[in-house]
Amino acid sequence: MNGYLTNYNQGGFRSESPQSLTSGYTPSIRSDLERPSKSNAKSLYEQRRHYARDGASTISDTSQYQVEHLTTFVMDRKDAVLTVEDGIRKLKLLDAKGKVWTQDMCLQVDDKGVSLYDIESKNELERFPVSTIQHCQAVMNACRYHSILALVCKESSQSKADLHIFHCEEVKGSFIQQDIDSAISDSKGGKLKKRPDALRAISTSDSRIPPPPPPLPQGDNRNRVAAWSSRSSAYGSIDKTRQSVEWAETPEMTEARIDRDVQILNHLLDDVEFFIMKLQKAAEAFSELSKRRKSKKKKKGPGEGVLTVRAKPPPHEEFVDCFQKFKHAFNLLAKLKPHIQNPSASELVHFLFTPLSMMVDATGGPDLARSILSPLLTKDAIDYLQYLLNAEEKRLWMSLGESWSKTRTEWQKDQFIAPYVPRFRNGWEPPLLNFSGIPKDQSLNHLAESVANVAEFQRKQEPKSFSTEYSSVPNYSLSDGDFSFSKP
1 MNGYLTNYNQ GGFRSESPQS LTSGYTPSIR SDLERPSKSN AKSLYEQRRH
51 YARDGASTIS DTSQYQVEHL TTFVMDRKDA VLTVEDGIRK LKLLDAKGKV
101 WTQDMCLQVD DKGVSLYDIE SKNELERFPV STIQHCQAVM NACRYHSILA
151 LVCKESSQSK ADLHIFHCEE VKGSFIQQDI DSAISDSKGG KLKKRPDALR
201 AISTSDSRIP PPPPPLPQGD NRNRVAAWSS RSSAYGSIDK TRQSVEWAET
251 PEMTEARIDR DVQILNHLLD DVEFFIMKLQ KAAEAFSELS KRRKSKKKKK
301 GPGEGVLTVR AKPPPHEEFV DCFQKFKHAF NLLAKLKPHI QNPSASELVH
351 FLFTPLSMMV DATGGPDLAR SILSPLLTKD AIDYLQYLLN AEEKRLWMSL
401 GESWSKTRTE WQKDQFIAPY VPRFRNGWEP PLLNFSGIPK DQSLNHLAES
451 VANVAEFQRK QEPKSFSTEY SSVPNYSLSD GDFSFSKP
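What follows is the structure, given as structure tokens:
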């Protein structure tokens, strides 16, 4: 499948943006007391008496919640999705395969229906009038997404209903359901309005989901550096004095070091796979959106707003991060080739060149990849690629330039090349290794001094226009041009 993603002009969509997209429910009281006027004691009393009598009508009829859109299913027998429970079961299967891509948005409820807004642009993505909402249900603690809101909607132009599933991380899904159900109930008529009481109950109750426990102390920068010290060979030496300490590595130490490198490699591959999945999802969303836009309907169809957001390519920084992880993975595969099998290091190298080619195509050519300086490939990695790659893979590799084919010793000695410390999507950090025989405090102090020396060196080199890997990346906006890739 060939997908082409461009920067859509969302201004063409009919939308009314909310004044503010805030997290959670923010009730507001509007009454005559808010109007600036000169009032005597009697008029103030009358205002308060009027407010006490008609207080139910003074609560703002618009509430906003920050949610994550997880997925949308068509409720169809052939897809085995006939109920909300069927949708949750299918969501679990997608999540187990790592195929759930969350999208932050604002869900707004008023007396006329439910709207979805893009948090960044504040454009309206979808509008579900109360007449189209067939069912609203909260599902709590059923899967990894502990607070789910399911919304079943069907417009008159649709033959089958859509099941929209949201993760409600700020405010419990059960409270959002209460809000929506009360709006639907009030729309059916009746003198007694339920929604003001529902909003009042939400605003006074413990509707917010308690935050997760604080993370364990990360320690100071010395601990962070120590956790990665054994991998300095992957990106070149920072401080030669650190390497002067020689010690004999026991078999247990070797095993622990290999095990940690394998863990790092697995997390690199997971992040690369996740990013490629995002590209594929964006291409699929754009393809579907293009089909809908080619129809002769003037009115925006149901689901197009969410598709527009999902069709956007990932941000530039995520492309940079993924290219860096490719390079680091090649270094580790060369290092681990005697130690891994099923799949072997060579099989993984060939595997990585397929998504690498997709990445280069998606960025319009090799320019962005060429600009990624750190981490540099090790000599072992370069020799391994030279030996292993087929002709097509080698052409791609050579097109990426010197930053992918020259070792640290081949660059000018006074050019600063930033150490590379990968950050993983799930927050995982490699286990600490400290087998040097040096007392831990002394070792950490020495490493902290090394980092300080690096920072000072980098500061001194700034007037000479030596750059880090990020400053060497050009001002490259993926949304300015075509974004495309081909699935293998």
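So that you can map any letter, position 309 of the sequence shown is 309 in full-length UniProt numbering, and since no number is skipped, the others follow by simple counting.
Using N, Cα and C, we set each Cβ at its ideal position, and we do this for glycine too.
Candidates the options: closest to residue i by CA position
{"i": "R370", "options": "Q324, P338 and W411", "result": "Q324"}
{"i": "T378", "options": "P343, Q412 and A334", "result": "A334"}
{"i": "L151", "options": "H69, I258, E120 and L268", "result": "H69"}
{"i": "R127", "options": "E252, A418, V320 and E304", "result": "E304"}
{"i": "P313", "options": "K394, L279, N426 and H339", "result": "L279"}
{"i": "S121", "options": "G113, L400, C106 and D414", "result": "C106"}
{"i": "D361", "options": "I258, A329, I276 and L125", "result": "I276"}
{"i": "D367", "options": "E410, L348, K406 and V320", "result": "V320"}
{"i": "D179", "options": "L356, C136, C143 and R310", "result": "C136"}
{"i": "L125", "options": "L385, L307 and I417", "result": "L307"}
{"i": "R89", "options": "Y145, S63 and L116", "result": "Y145"}
{"i": "residue 567", "options": "K191, K193, D259 and I184", "result": "A query on residue 567 cannot be resolved here, the shown segment of the chain reaching from 1 to 488 and no further."}
{"i": "V309", "options": "F286, N331 and K78", "result": "F286"}
{"i": "V109", "options": "C143, L389, R77 and D186", "result": "D186"}
{"i": "P375", "options": "T363, Q341 and F330", "result": "F330"}
{"i": "S426", "options": "W101, D271, A198 and S63", "result": "Note that residue 426 is Asn in the sequence shown, not Ser. Nearest of W101, D271, A198 and S63 to N426, Cα basis: D271."}
{"i": "E170", "options": "S157, A161 and I202", "result": "I202"}
{"i": "L93", "options": "T62, F175 and C143", "result": "C143"}
{"i": "D95", "options": "K294, S115 and T71", "result": "T71"}
{"i": "S63", "options": "E318, M358, A283 and P196", "result": "P196"}
{"i": "C322", "options": "K188, A198 and L269", "result": "L269"}
{"i": "K160", "options": "Y117, K188, Q177 and T83", "result": "T83"}
{"i": "D261", "options": "L199, E284, H328 and K291", "result": "H328"}
{"i": "W404", "options": "K191, A381 and E85", "result": "A381"}
Own chain, CB closer than 6 Å to residue i, minus 5 neighbours either side, in chain order
{"i": "G173", "result": "A138, S147, I148 and L149"}
{"i": "V67", "result": "L107, F166 and C168"}
{"i": "Q412", "result": "none"}
{"i": "T407", "result": "K379"}
{"i": "D79", "result": "none"}
{"i": "K193", "result": "D186"}
Beta-bridge partners of residue i, as assigned by DSSP
{"i": "Q71", "result": "In the sequence as presented, Gln is not what sits at residue 71; that position holds Thr. I165."}
{"i": "L151", "result": "C136 and H164"}
{"i": "R127", "result": "S115"}
{"i": "Y384", "result": "BP columns for Y384 are empty, so no partner."}
Helix, strand or coil at residue i [DSSP, three-state]
{"i": "F353", "result": "helix"}
{"i": "L373", "result": "coil"}
{"i": "S187", "result": "helix"}
{"i": "S344", "result": "coil"}
{"i": "L107", "result": "strand"}
{"i": "Q64", "result": "strand"}
{"i": "W428", "result": "coil"}
{"i": "T378", "result": "coil"}
{"i": "G305", "result": "helix"}
{"i": "N390", "result": "coil"}
{"i": "A234", "result": "Reliability fails at A234, whose pLDDT of 38 lies under 50, so the model's placement of it is uncertain and the value that follows must be treated cautiously. Three-state DSSP puts A234 in a helix."}
{"i": "D76", "result": "coil"}
{"i": "R395", "result": "helix"}
{"i": "E402", "result": "helix"}
{"i": "T407", "result": "coil"}
{"i": "L199", "result": "helix"}
{"i": "Q158", "result": "coil"}
{"i": "A142", "result": "coil"}
{"i": "T204", "result": "helix"}
{"i": "S121", "result": "coil"}
{"i": "A362", "result": "helix"}
{"i": "R222", "result": "A caution first: R222 carries a pLDDT of 35, below 50, which makes its placement in the model too unreliable to give a value."}
Own chain partners of residue i with C-beta closer than 7 Å, once the 5 adjacent residues on each side are dropped
{"i": "G87", "result": "F73, V81, A150, L163 and I165"}
{"i": "D181", "result": "C136"}
{"i": "H267", "result": "F424 and W428"}
{"i": "L388", "result": "S346 and V349"}
{"i": "Q263", "result": "P430"}
{"i": "S399", "result": "P366"}
Sequence-distant residues of the same chain with beta carbon closer than 8 Å to residue i, five excluded per side
{"i": "P129", "result": "K112 and G113"}
{"i": "I119", "result": "L21, Q66, D104, M105 and C106"}
{"i": "E273", "result": "G98 and P355"}
{"i": "I133", "result": "G113, V114, L151, V152, C153, I180 and I184"}
{"i": "M140", "result": "H146, S147, I148, K172, G173 and S174"}
Limits of the unbroken alpha helix (DSSP H) element including residue i
{"i": "D414", "result": "Careful: D414 lies outside any alpha helix (DSSP H) and carries neither H nor E."}
{"i": "K92", "result": "V84 to A96"}
{"i": "E255", "result": "P251 to K294"}
{"i": "V320", "result": "H316 to L336"}
Where the beta strand (DSSP E) through residue i begins and ends
{"i": "L433", "result": "Counting along the chain, L433 falls outside any beta strand (DSSP E), and DSSP gives it neither H nor E."}
{"i": "V171", "result": "Unbroken run through V171: none, as it is neither H nor E."}
Proximity test, Cβ basis, 9 Å: residue i and chain C
{"i": "W404", "result": "In the structure shown, chain C cannot be found, because there is only a single protein chain."}
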